[in-house]
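Let me begin by presenting the structure, written as structure tokens, before commenting on it.
Residue numbers (my numbering): 516 to 991.
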């Protein structure tokens with residue numbers, strides 16, 4: 516693709532004023548600053564803005580979908596995938612006093628395949644209302660908070676291994692679901708969260724071509740309809756001395772669907788668990804998660820699975836007032852597997868990731884996984900992240916991860932448990948910083964990211980896979 520074409524696509528994207536996120540896992544809604552069209556005496560304040568994300572992704576030998584192996588026939592057939600992605604969006608909010616807020620956002624993303632053309636995702640693709648909600652805070656003398664409508668799902672309630680992405684099938688374009696959330700505050704340190712959510716495979720609040728409807732939002736199948744999932748649950752949040760804790764029960768329901776000619780029965784999964792976070796100092800903590808699942812599928816079979824996470828987390832406190840703030844996180848995440856996962860029903864003891872279907876453990880595996888799109892299961896992941904923040908939007912981060920299969924299910928084609936080693940480096944940098952003291956709002960920033968996967972004996976190939984991305988974000 517020559518520079519003239521790149522400039523043309525960038526100009527088209529800019530016309531549609533999109534919203535850019537540093538990456539999807541880092542931005543959940545619009546910034547608080549914006550254009551305020553209300554008089555200072557009015558209780559109503561209107562705010563609006565727009566952003567644009569431009570990125571190029573190059574990947575090779577990524578594990579294929581479904582039941583493929585690295586470098587073997589599958590979605591990418593061992594070839595290099597190279598694409599440019601343009602995501603414009605525009606957002607608006609209306610505040611009424613200190614308690615009420617209405618927020619909406621419209622997002623589009625269209626792509627250009629440098630190597631492989633994908634007509635169903637080219638301009639204009641589809642514009643989606645990915646946020647549309649009403650929020651009330653501190654109601655009834657600070658007893659109740661609520662938010663109802665379409666909103667971002669990412670890391671909801673701090674349960675990072677349950678809620679990550681509601682729409683993994685669209686390739687990290689957005690993370691929304693239709694959610695009703697309510698919190699009842701008992702005191703300053705204890706409250707009860709209730710929620711119900713629905714994630715749609717085929718979007719109805721959209722504007723686009725017929726081709727774009729083939730994009731599976733949930734990622735379960737190949738664009739067949741009625742592959743939604745939905746759920747509800749309750750989370751109790753409190754603390755004892757130096758330990759923050761959560762107790763939760765969550766139910767997820769998945770509609771029956773077809774994938775590559777195979778029918779998958781509907782499922783109902785109940786998850787119970789706890790998250791404990793001992794905070795030894797202001798900078799150091801040791802989070803622990805214990806979770807179990809039990810459920811049924813449409814064939815009447817009982818499903819049971821388990822997961823756990825144990826980690827350590829340290830970050831230089833802001834109170835230190837240092838310009839360089841190093842951080843470090845290490846932990847092991849275990850998700851149960853099933854030796855019969857290759858069967859048509861996928862086995863009965865493999866962990867269902869709920870809505871933990873995203874890029875937190877690997878960027879490249881959003882595009883390929885042996886169990887489904889970003890479907891994290893049957894895994895022992897020993898992961899270390901470390902780096903340093905050294906200014907506004909300035910950060911260097913390294914990630915090292917060794918992965919094993921919890922059960923030898925044979926899907927990788929190899930004869931062992933070791934899935935491989937993932938290494939990742941990322942550098943975030945600012946290009947133009949807004950002077951907020953004088954009302955400035957335009958910002959320009961970006962990042963570069965590289966990820967390498969060296970497969971182990973779980974796979975029948977030793978060909979490394981790689982993922983490279985550059986990204987530029989503009990905020991208006």
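Positions of the beta carbon are idealized from the N, C-alpha and C atoms, including for glycine.
All values reported here derive from a predicted model rather than from experimental measurement.
Put simply, the stretch 743-761 touches the stretch 699-710. At least three CB pairs are less than 8 Å apart. If you check the CB distance, residue 660 and residue 647 do not come in under 8 Å. The DSSP-derived three-state label of residue 674 is coil. Exposed is the label assigned to residue 796, since fewer than 16 other Cβ atoms lie within 10 Å of its Cβ.
Nearest Cα to residue 983 within the set 973, 905, 878: 878.
Taking one beta carbon from each stretch, the stretch 925-940 and the stretch 959-973 have 3 or more pairs nearer than 8 Å; the two touch. The closest CA to that of residue 566, considering only 603, 832, 560, is found on 603. Here residue 558 is exposed, its C-beta having fewer than 16 other C-beta atoms within 10 Å.
C-alpha of residue 894 to C-alpha of residue 922: approximately 8 Å in a straight line.
For residue 742, the secondary structure class from DSSP, reduced to helix, strand or coil, is coil. A residue is called buried when at least 16 other Cβ atoms come within 10 angstroms of its Cβ; residue 953 does not meet this threshold and is exposed. Residue 888 is a Cβ neighbour of residue 872, given a cutoff of 8 Å. In the three-state scheme derived from DSSP, where H, G and I count as helix and E and B as strand, residue 625 is classed as strand. When rounded, the separation of the alpha-carbon atoms in residue 687 and residue 874 is 8 Å.
Selection 684, 675, 698 evaluated against residue 663 yields 698 as nearest (Cα-Cα). Per DSSP, the continuous beta strand (DSSP E) segment holding residue 844 begins and ends at 840-850. Taken atom to atom, the span from the alpha-carbon of residue 678 to that of residue 856 is near 23 Å. Taken through DSSP and simplified to helix, strand or coil, residue 599 comes out as strand. Here DSSP, grouped into helix, strand and coil, assigns residue 557 to coil. Residue 610 counts as buried, since at least 16 other C-beta atoms from the protein chains shown sit within 10 angstroms of its C-beta.
DSSP, reduced to helix, strand and coil, places residue 931 outside both helices and strands of the structure shown, so it counts as coil.
Counting along the chain, the unbroken alpha helix (DSSP H) around residue 656 starts and ends at 654-657. Put simply, of 816, 759, 869, 844 the residue whose alpha carbon is nearest the alpha carbon of residue 850 is 869. Along the stretch 879-936, the beta strand (DSSP E) occurs as fully enclosed runs of 3 or more residues at 894-904, 910-919, listed in sequence order. For the options 613, 980, 901, 989, the alpha carbon positioned closest to that of residue 595 is the one of 980. Measuring C-alpha to C-alpha distances from residue 867 to each of 876, 816, 890, 626 identifies 890 as the nearest.
The shortest CA-to-CA distance from residue 665 to any of 672, 649, 671 is the one to 649. Residue state for residue 945 is assigned as strand, using DSSP reduced to three classes. Going by beta carbons, residue 905 and residue 843 fall outside the 8 Å limit.
For residue 988, the enclosing beta strand (DSSP E) stretches over residues 980-990. Using a Cβ distance threshold of 8 Å, residue 715 and residue 756 do not count as a contacting pair. For residue 953, the secondary structure class from DSSP, reduced to helix, strand or coil, is helix. In the three-state scheme derived from DSSP, where H, G and I count as helix and E and B as strand, residue 684 is classed as helix. By the Cβ-count criterion, residue 833 is exposed, with fewer than 16 other Cβ atoms from all chains shown falling within 10 Å of its own Cβ. If you look at residue 803, you'll find it in the beta strand (DSSP E) that goes 803-812. Linking residue 958 to residue 947 through their CA atoms gives a straight-line distance of about 5 Å.
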